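Chains as they are written, first to last, in the working numbering: chain A, -19 to 509; chain B, 70 to 721.
Don't be surprised by glycine CBs; every beta carbon is placed ideally from N, CA and C.
Values in this document were obtained by computation on a predicted structure and should not be read as measured data.
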């Protein structure tokens, strides 16, 4: 037993808030939201504190806490944070209060806030768990509140979407469970103590001793679960339904946080536990990533429902992230991690904006909207910034991640990167086209009188837009906190399995001045002719 | 050492400050103060550029580079990119005309945008554009140049669709952005390849690595060709030129600043900056640049002959002139390319602003068939426009003559056919510009049908009654905020040739000045002064020939203009239509098929499986509810059972 208690506090604070809400008498319904906001805001503040206290030069897990839980089965309460999970925790801490502040449930507020806070605990637990069983439990915990959020507070087709979401993810996680158990049982023979363990760090050592074929099969069982969550083509079709039918806050969390469970899992459990299999299957995942980028964009272009369009854009963006992760080099993985945060901010913001429009116009059909920029210039301006971020405009956050991903991918598998870069063109196509149809033109009657953002809506957009700009101009604080952990991950992969991370030569030590000297040394004969 | 050069960061800082201040206070400042603030910021930026320029002159020729790094932008793994500025002769030359012409166009916009409800927003965009453009030229690495590159593209999008209630403007803005993105794909991939090859994106480090370790010609060629794709997008070269004519939907100052003087020259700048890599590429690579330029120049010139929209004529003329610059780059005449870029910035900005003044006076009408005889009514506009016309037509001693002549001379040195075709393009240029000037400012006024000119001149406030038939126009001269920039630019368009005179190497000022930035990659003319004189004479005869042919057709009506203005040319060689048709039917069908595939095959499989399971389930009478809860419960129970089994096993 021992270690820091800050992570358990972060994980369970929302749950405590949920319990408190459960105890609130029905007559005092007005305090429900303040309690939910306060709890999630306090959690968010704690994650910010965590970021500040995080030692940026340490690539190892920090603030760890390890307690034996079910000793006989090698299951422990093991949590910790490193540069890979840190910003996903912060993102979760940020998006939940924003989503809770921005959207009020139309009915059953009590249950709604309880589920939201349970969901937050689940998400934080997934990112911080360092024990496979613990991870799996949190991974499953996430499902239930999301199922109810979609099924109870969603739009017309919510039952279908919720069921689909649940079955898809369940299928994946059932396979993962089998893989986990197999891994723990088989790796037992290779561990130093000879005892079974689910401790991630111990497993990372013993898993490398597994026969190659076995490791590959287990890797695939993990990858399938995460591929559903990401989602990767062709297991993505739950996403447009779930995103579209979910209430606004649900879509924000779904896109902003839940999809990252998949990509995070690919890094933490794919690369870390199975370096050889990761490299072996990298071409497959690369291909699926590239298909996702182009396919998601093409299908997004043809959507008539604005929310569905944003949902399909996620398929494309997450394809980029998978591409970065399986580049297996510092640039690509860091780009992928950064893009997880960026996508959370931009797509979270897009879903909020689409939600604001829906509340006003009671439609998501692009064809029913026109000229909204005239009616709601502030909404349009914010939408423009977020859209440009999503398109990957340099100076805004999306670009840095996308560029690093593509640079890393190019170094690893250049032709895939060349094709993936074309996704940059398509992203501009579907978003600008949608913007034109919704915001440009002369507004007709129902659109002319649409009110602009109110102060509360403006307030929730401020941190999002602020971060979108900040991370585009100065991503260094994020990248430098990721880098030691990413390097440690790559070193681990190289050490245990002799994987060679595809990389480039060192930066040339030169400058214009030295170039002149060099030129001068060659003499004048070059100048002469 | 000298500290003036270290002020280079101030150059983009001024317009950025303008953006931030206007975003905070723009509406409160209102018209015209928002415009004055933005203009003042551009003025400040221009002064800062002058200071850096003076600082650079103070250095020895070979030491005229200073890199000022502000902070690390993207430090990830082996990739290390700074927010750093490179002050060298090339970047400062660019910055001088960008801020100078930019300040004038800002001033002009105060008058032009008078009364527009988006007045302060317009100046936010304009300042943001200037900031991006300056990042593009001053960035000390490819990625920062790309930041500016995409930034100007985004501003261009925002400004073309500035009057967004009109669908045509919105479409034009989107088209510009997407077409540019096609080019940007090339730029992106070029950067990846450069990063892989050199381990850096910084110009100094790339060139150093190039010099010390060399590079395979194939790699260098690939990088240059990819950059050419990017350059063709931004600088509207065939086949990515299609967005520029449509971009004229934006307010006219935008056309002058972005779509004539500055942004569209970015491709030429990029290729000039990368001259050391072009030098390492295979021989066909510069040839490709040259022929793309020539093809574009010639094609656009023929199209300009048949356009009736004053701004469309100028737009195609811009495409054509950019083609000249590409020819120069391809023939190694980097100095000539930059020289023409500068003179073009003066005379083309002047022509666009003049066109804006005419449109302003004609209440928004842009069709030159309804102009005529405006010289007396818009004296300053017409005088200055004539200066711009003579400059672009290549009549000595106006500036365009000198720069175009230099390009023609290099083209002659490269390839006689190339030179001949380029000369033909120059003659066409003189011809269509003469047509434009004659139809706009001279001849009978075609905006009054039955009335005589005298009446129109005399009247002030009469004719208020709404009548059928042609509208009654009162063409009028523009306010001083608009005419002052015209006068200044006209002066520059007349005399700017002096910055690079061909007579002796001493007066080849621009060439000497740019030398350090070109690393000895500037080509040399393979013939002496005698041939040069003959070539110049031919060029002059050609220009005058073009002008007189224009006069013959459009004043003396020797030939029916309809025979020249062929519909094929008027419709811009039908390139745009072909692209639109392709995108509209097979392209769209492919997109629709993919979407159907997603709905019916991928998702269909999912739903099919679901239905199958449900049927099987109901047949087995296990689950009659068909609700997700029972499935979920089943899975959950299964999972718990597995865990329990496992724990009990493990405990043994």
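As DSSP reads the structure, residue 46/A sits in a beta bridge with 58/A. Ranked by how close their Cα comes to the Cα of residue 199/B, the residues 332/B, 101/B, 257/B and 387/B have 332/B in first place.
If you draw a straight line from the Cα of residue 429/B to the Cα of residue 552/B, it is about 12 Å long. Taking a beta-carbon distance threshold of 7 Å, residue 667/B counts as an interface residue toward chain A. It is roughly 21 Å from the alpha-carbon of residue 296/A to the alpha-carbon of residue 309/A. Counted as a single uninterrupted DSSP element, the alpha helix (DSSP H) harbouring residue 405/A occupies residues 403 to 419. Counting along the chain, the unbroken beta strand (DSSP E) around residue 142/B starts and ends at 135 to 145. Contacts with chain B (Cβ-Cβ distance below 7 Å) from the segment 273 to 284 of chain A involve 275, 278, 279, 281 and 282, listed in chain order. Residue 353/A reaches chain B at 233, counting residues in chain order whose Cβ is nearer than 8 Å. In this structure, residue 352/A sits near residue 419/A, with a CB-CB distance shorter than 7 Å. Here residue 515/B is not near residue 623/B, since their CB atoms are 7 Å or more apart. In the DSSP annotation of this structure, the continuous segment of the beta strand (DSSP E) that includes residue 151/B starts and ends at 148 to 156. Interface flag for residue 250/B against chain A is set, since a Cβ pair is found closer than 7 Å. Between residue 665/B and residue 652/B, the alpha-carbon positions lie close to 18 Å from each other. Among the residues of the segment 270 to 283 of chain B, those with a Cβ less than 7 Å away from any Cβ of chain A are 273, 274, 276, 277, 278, 280 and 281, in the order of the chain.
Of the residues 121/B, 376/B and 103/B, the one whose Cα lies closest to the Cα of residue 635/B is 376/B. Remark: C-beta atoms of residue 215/B and residue 256/B approach each other more closely than 7 Å. In the three-state DSSP reduction, residue 111/A falls in the strand class (E or B). When C-alpha distances from residue 570/B are compared across 408/B, 641/B, 448/B and 547/B, the shortest belongs to 408/B. The residues 465, in chain order, have a CB closer than 7 Å to that of residue 609/B in the same chain once the five nearest residues on each side in sequence are set aside. Taking the C-beta atoms as reference points, residue 104/B is found no nearer than 7 Å to residue 231/B.
For chain B, the residues of the segment 464 to 497 of chain A that bring a beta carbon within less than 7 Å of one of its beta carbons are 483, 484, 485, 486, 487, 488, 490, 491, 492, 494, 495 and 496, in chain order.
Using a Cβ-Cβ distance cut-off of 8 Å, the segment 239 to 246 of chain A and the segment 354 to 367 of chain A are not in contact, since fewer than three pairs of beta carbons, one from each stretch, lie closer than that value. For residue 421/A, a Cβ of chain B is located within less than 7 Å of the residue's own Cβ.
One Cα belongs to residue 435/B, the other to residue 116/B, and the distance between them is close to 36 Å. Exclusion of the five residues before and after residue 160/A leaves 112 and 116 as the residues of its chain whose Cβ lies within less than 7 Å of its Cβ. Nearest CB-CB separation between residue 390/A and chain B: below the 7 Å threshold. Residue 476/B is positioned such that its CB atom lies no closer than 7 Å to that of residue 421/B. By the Cβ rule, the segment 92 to 111 of chain B counts as touching the segment 179 to 191 of chain B, because three or more pairs are nearer than 8 Å.
Note: residue 278/B is not bridge-paired with any residue in the DSSP secondary-structure output. Chain-ordered, the chain B residues with CB closer than 9 Å to the CB of residue 413/A read 243 and 247.
Under the 7 Å criterion on CB atoms, residue 215/B is classed as interfacial with respect to chain A. Residue-level contact by beta carbon fails for residue 447/A and chain B, as no gap is shorter than 7 Å.
Counting every other CB atom within 10 Å of its CB across the protein chains shown gives residue -15/A a total below 16, marking it as exposed. Looking at 445/B, 493/B and 266/B, the one whose alpha-carbon comes closest to that of residue 545/B is 445/B.
Between the beta-carbon of residue 311/B and that of residue 248/B there is about 6 Å, and that keeps the pair under the 8 Å contact cut.
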